[in-house]
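Chains C and F supply the protein sequences, listed in that same order.
Residue numbers for the first sequence, in my numbering: 47 to 374.
Residue numbers for the second sequence, in my numbering: 83 to 412.
Cβ atoms here follow ideal geometry from the backbone N, Cα and C, with glycine treated the same way.
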Amino acid sequence: MIRVGILGAGFMGEVHAAAWRSVPGVRVAGIATLDPAARPWLRGFDGRVVTDPRVLIAAPDIDVIDVCLPTPLHESSVCDAARAGKAIVCEKPLAATFAAAERIAAAVARARAPFMPAHVVRFFPEYAAARDLVRGGRIGRPATARTFRGGPPPGWAPWILDPAQSGGLFVDLLIHDFDYLRWVLGPVRRVHARAAARPDAGAGAVHGLAVLRFASGAVAHVEGSWAYPAGSPFWTRLELAGPDGLIVQDSRRAAPLVRHRPPDAAEPRYPQAAIDRGPYARMLHHVAERLEHGSAFDPGIDDAVAAVRIASAAAASAAAAAPVEVGA
Amino acid sequence: MKVAVLGYAHVHAPAYAGRLGEVPGVTLAGVYDPDTGVAASAARSHGVPHRATLDEAIGSADAVVIAAPNADHHDLAVAALRAGRHVLCEKPLATRLEDADAMIAEARARGAVLATAFPMRFAPPIVAAYRAVRGGGLGRVLALSGANNGQRPSVPWFSDPRRAGGGAVMDHTVHLADLMRWLLDDEVGEVYAEVGTLLHDGPIDDVGVLSIRFAGGAVATIDASWNRPPGYPAWGGLELRIVAEHDVLDVDPFAERLTLYGRERAIWVDWGADADRAMLEAFVAACRGASNALARGEDGRAALAVALMAYESARTGRPVRAEAGGAPRR
Chain C
47 MIRVGILGAG FMGEVHAAAW RSVPGVRVAG IATLDPAARP WLRGFDGRVV TDPRVLIAAP
107 DIDVIDVCLP TPLHESSVCD AARAGKAIVC EKPLAATFAA AERIAAAVAR ARAPFMPAHV
167 VRFFPEYAAA RDLVRGGRIG RPATARTFRG GPPPGWAPWI LDPAQSGGLF VDLLIHDFDY
227 LRWVLGPVRR VHARAAARPD AGAGAVHGLA VLRFASGAVA HVEGSWAYPA GSPFWTRLEL
287 AGPDGLIVQD SRRAAPLVRH RPPDAAEPRY PQAAIDRGPY ARMLHHVAER LEHGSAFDPG
347 IDDAVAAVRI ASAAAASAAA AAPVEVGA
Chain F
83 MKVAVLGYAH VHAPAYAGRL GEVPGVTLAG VYDPDTGVAA SAARSHGVPH RATLDEAIGS
143 ADAVVIAAPN ADHHDLAVAA LRAGRHVLCE KPLATRLEDA DAMIAEARAR GAVLATAFPM
203 RFAPPIVAAY RAVRGGGLGR VLALSGANNG QRPSVPWFSD PRRAGGGAVM DHTVHLADLM
263 RWLLDDEVGE VYAEVGTLLH DGPIDDVGVL SIRFAGGAVA TIDASWNRPP GYPAWGGLEL
323 RIVAEHDVLD VDPFAERLTL YGRERAIWVD WGADADRAML EAFVAACRGA SNALARGEDG
383 RAALAVALMA YESARTGRPV RAEAGGAPRR
């Protein structure tokens, strides 16, 4: 039995808890959250609820620490968990800055801790299937990629809109596509990005447009948005093209079940698959399986650092209005 | 009004020639092309005279539509303008800014209309977006992202740098550059671009993504790549996202289409309004003195400048700033 302690009981903590429950041989043994009363979903939870994450990190009956805390808390909790000899799953991004990501990676390496960043897009069946097609040679040598990810601002967690805490749109939101494209197309050579802020929404970008050049020569356009009005759907799109083919995936056109409800203007509605049917369960299933076999998680800490490096280079490019060499 | 077609080399030539005959008050006066075989066959298919020489074609008409290879636009347009004819020229207006300048100067000197064929200005979804941006309470436009991706045109001159002036970036940047300038009533201030030849053999670019800052501060990207494979259901498409302070507009002017599944592949069949015909009607109205949304020579030049700035950026690896007048800094 693999025993998991989840740090954080917000949106991601709840999603991870539900996904862990579907993985055989795993028990969520504890959840740490500052204010349990504010998280009604915990009422149905049968393990320990603590207010200090260090209690779970130190607990001998916990094997895996799953970090679902806001980004600024990743460094201390991952480093503590690594020192405590735990296996670690950490929500993306690993850190808001490349420097912090490198510090975390050093601590993880020193402790030889099994580590996986929750780069969940790799576990979306449609994204995984697209990569399989590319690797199977179905489009030839990939030449272009085009991704979109976005919707309304994340109203459930206002800290995400503060670049000082989350890294901003390129790091918090687009890290998914940067990581995915690096997984499919290889290392990124350079990035040029532009960002748009909204006068009433602070200095942080609400819309980002990044152009990536890969070491392979491939060119990608990566677009992300928090500019849609509240209540608009969150959606994603992926295109991969080569001389022999083009792959297109659009979440707006992949709706096997649509429940028509009165509009709820407060929260964005996520694609069904994002929560109910799979990617998080697949991701955590991978963690459990690899732990059983004693093999490394994929993606690992290097992928987490590289993704932060690309994303922070995009943010730096937008700030400097100049291309930034990446090499990651 | 009699309108002749000069040059029958562009993929849009058959559509323009065909639609001209449908515009009220217009007679298709004939077709001229330096390849007399092409011109004769085109003239036959439209049921109009084949004009054997440029002079004969210009003499036969009050106005001309130019659908020749890009590098030939200048000579044909100047010849027609010198004779006092109005000109609607296929995009890009020219392959060099000095050619575009000469065309514009000739039109001004003769008091003739010089228009650039940017039919997307007349696509109803784009017109609705324009109205929303200009008066619909969206707030200031913050960002635009446009994609004009297509198959590589099968006509060989499109892949000849000398005749086309460039590949995908030259072919596909200009539509969106024009729409964005028009929607924002603003000029491009800076262009960065990643350009490559990754999908086809040959000397010409087929991948190009531009990152733009407008003088007024809006940011934008244009994806101009010829990355639709031969099996794609259509030649390609054009999409535009407009991110404003309050609202976001997702525009797909080609969304009005049927999918026709055949034995081998599926194709898209448009059922939406005909933007080409609306543009030709606007050209005819402009020749008669009307003021409308028709893109003029200056608009064609500005869009060409954006494509040239993209090539300059790709050569230098740096963002390229526009000089006053929209020319790339050299």
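Legend entry - Cα-Cα separation between V135/C and D107/C, rounded to whole angstroms: In the first sequence, the residue the question calls residue 135/C occupies position 89. In the first sequence, the residue the question calls residue 107/C occupies position 61. One C-alpha to the other measures close to 17 Å.
Inset, instruction - Tell me, please, whether the CB atom of L281/F is closer than 8 Å to any CB atom in chain C? - result: Here residue 281/F refers to the residue found at position 199 of the second sequence. Yes, because at least one Cβ of chain C sits closer than 8 Å to the Cβ of L281/F.
Legend entry - CA-to-CA distance, A247/C to V379/C, given in whole angstroms: Here chain C has residues from 47 to 374 only, and residue 379/C is not among them.
Legend entry - Straight-line gap, E188/F to A387/F (C-alpha atoms, nearest Å): Along the second sequence, one-based indexing puts residue 188/F at 106. Along the second sequence, one-based indexing puts residue 387/F at 305. Approximately 19 Å between the Cα atoms of the pair.
Inset, instruction - Would you mind telling me which residues of chain F sit closer than 7 Å to T190/C, beta carbon to beta carbon, in chain order? - result: Translated into positions along the first sequence, residue 190/C becomes position 144. Here the neighbours are V289, S307 and N309.
Inset, instruction - Please list, in chain order, all residues of the same chain as V325/F whose beta carbon is under 6 Å from its beta carbon, the five residues on each side excluded. - result: On the second sequence, residue 325/F is found 243 positions in, with the first residue counted as 1. Around V325/F: L224 and A225.
Legend entry - S271/C (DSSP reduced to helix, strand or coil): Translated into positions along the first sequence, residue 271/C becomes position 225. Residue state, collapsed to three classes: strand.
Legend entry - DSSP bridge partner residues for P163/C (one or two, in chain order): Walking along the first sequence from the start, residue 163/C turns up at place 117. According to DSSP, P163/C bridges with C136/C.
Inset, instruction - Kindly indicate which three-state DSSP category W66/C falls into: helix, strand or coil? - result: If you number the first sequence from 1, residue 66/C lands on position 20. Looking at W66/C - three-state DSSP - the assignment turns out to be helix.
Legend entry - A199/F (DSSP reduced to helix, strand or coil): Stepping through the second sequence from its first residue, residue 199/F is reached at position 117. Per DSSP, reduced to three states, the secondary structure at A199/F is strand.
Legend entry - CB contact below 8 Å: Y226/C versus chain F: For this step, residue 226/C is matched to residue 180 along the first sequence. No - not a single Cβ of chain F is within 8 Å of the one on Y226/C.
Inset, instruction - Note down, in chain order, each residue of its chain lying with its Cβ closer than 8 Å to the Cβ of W353/F, except the 5 sequence neighbours on either side. - result: Translated into positions along the second sequence, residue 353/F becomes position 271. So the list reads E338, R339 and L340, once near-sequence residues are dropped.
Inset, instruction - Pick out whichever of P285/F, V351/F, D334/F and W308/F has its Cα sitting closest to the Cα of P315/F. - result: Sequence index remark: in the second sequence, residue 315/F carries index 233 (1-based). Per the Cα distances, V351/F.
Legend entry - 3-residue-minimum beta strand (DSSP E) runs that sit fully inside the stretch 213 to 294 of chain F, ordered along the chain: The qualifying runs are 223 to 229 and 270 to 278.
Legend entry - Beta-ladder partner(s) of Y114/F, from DSSP: Position 32 of the second sequence, counting from 1, holds the residue named residue 114/F. Bridge partners of Y114/F: L88/F.
Inset, instruction - Please state whether DSSP places A326/F in a helix, a strand or coil. - result: The sequence position of residue 326/F within the second sequence is 244, counting from 1. In this structure, A326/F counts as strand in the three-state DSSP scheme.
Inset, instruction - Consult DSSP for F280/C and reduce its assignment to one of helix, strand or coil. - result: Here residue 280/C refers to the residue found at position 234 when the first sequence is read from its first residue. The answer is coil: DSSP assigns F280/C none of H, G, I, E or B.
Inset, instruction - Kindly list, in the order they appear in chain F, the residues whose Cβ is closer than 7 Å to that of L255/C. - result: Against the first sequence, residue 255/C aligns to sequence position 209. Ordered by position in chain F, the residues that pass the 7 Å Cβ test against L255/C are A225, S227, S293, V301 and T303.
Inset, instruction - Whole angstroms is fine: what's the gap from P414/F's alpha carbon to H94/F's? - result: Lying before the first or after the last residue shown, residue 414/F is absent from chain F, which here runs from 83 to 412.
Legend entry - Local conformation of D352/F per DSSP, three classes: Taking the second sequence and counting its residues from 1, one reaches residue 352/F at position 270. Here D352/F sits in strand by DSSP.
Legend entry - C-beta neighbour in chain F for H222/C, strict 8 Å: Taking the first sequence and counting its residues from 1, one reaches residue 222/C at position 176. So, not an interface residue.
Legend entry - Minimum C-alpha distance to S297/C - residue among G291/C, V72/C and T193/C: For the purposes of this step, residue 297/C is identified with residue 251 of the first sequence, where counting begins at 1. Ranking the options by Cα distance to S297/C, first place goes to T193/C.
Inset, instruction - Kindly indicate the opening and closing residues of the beta strand (DSSP E) around V234/C. - result: For this step, residue 234/C is matched to residue 188 along the first sequence. Start and end: V234 to A243.
Legend entry - Assigned exposure category for A210/C - 16 Cβ within 10 Å defines buried: Translated into positions along the first sequence, residue 210/C becomes position 164. With fewer than 16 other Cβ atoms within 10 Å, it is exposed.
Inset, instruction - Rounded to whole angstroms, what's the CA-CA distance from P275/C to P198/C? Just pull it up for me. - result: For this step, residue 275/C is matched to residue 229 along the first sequence. For this step, residue 198/C is matched to residue 152 along the first sequence. Between P275/C and P198/C, the C-alpha separation is close to 5 Å.
Inset, instruction - Tell me where the beta strand (DSSP E) around D296/C begins and ends. - result: What you label residue 296/C is simply residue 250 of the first sequence in a count that begins at 1. Note, D296/C: beta strand (DSSP E), G291 to D296.
Inset, instruction - Pick out whichever of T118/F, S127/F, V105/F and G107/F has its Cα sitting closest to the Cα of P447/F. - result: Here chain F has residues from 83 to 412 only, and residue 447/F is not among them.
Inset, instruction - List the residues of chain C whose Cβ lies closer than 8 Å to the Cβ of V325/F, in chain order. - result: Within the second sequence, numbered from 1, the residue matching residue 325/F stands at position 243. In chain order: A242, V252, H253, S271 and A273.
Inset, instruction - Report the rounded CA-to-CA distance for E172/F versus P118/C, giving the unit in angstroms. - result: As a first step, residue 172/F must be located in the second sequence, where it is residue number 90. As a first step, residue 118/C must be located in the first sequence, where it is residue number 72. So the two alpha carbons sit approximately 55 Å from each other.
Inset, instruction - Would you mind sorting D98/C into buried or exposed? The rule is 16 or more other CB atoms within 10 Å of its CB. - result: Along the first sequence, one-based indexing puts residue 98/C at 52. It is exposed - the Cβ of D98/C has fewer than 16 other Cβ atoms within 10 Å.
Legend entry - Three-state secondary structure (DSSP) of T341/F: The residue you call residue 341/F lines up with position 259 of the second sequence. Looking at T341/F - three-state DSSP - the assignment turns out to be strand.
Inset, instruction - Excluding the 5 residues preceding and the 5 following A191/C in the sequence, name in chain order all residues of the same chain whose CB lies nearer than 7 Å to its CB. - result: Within the first sequence, the letter at position 145 stands for residue 191/C. Only L227, L231, A264, A266, E285 and L286 meet the Cβ criterion.
Legend entry - Length of the line joining the Cα atoms of H339/C and F224/C: Along the first sequence, one-based indexing puts residue 339/C at 293. Along the first sequence, one-based indexing puts residue 224/C at 178. Taking the CA atoms as reference points, H339/C sits about 29 Å from F224/C.
Inset, instruction - Specify the secondary structure class of R355/C as computed by DSSP and reduced to three states. - result: As a first step, residue 355/C is located in the first sequence; it is residue number 309 there, counting from the start. R355/C falls in the helix class under three-state DSSP.
Legend entry - DSSP three-state assignment for V252/C, whether helix, strand or coil: Residue numbering aside, residue 252/C sits at position 206 when the first sequence is read from its first letter. V252/C: strand per DSSP, three-state reduction.
Inset, instruction - Starting from G196/C, follow its DSSP beta bridges and name the residues at the other end. - result: Locating residue 196/C in the first sequence gives position 150, where the first residue counts as 1. DSSP lists S271/C and W281/C as partners of G196/C.
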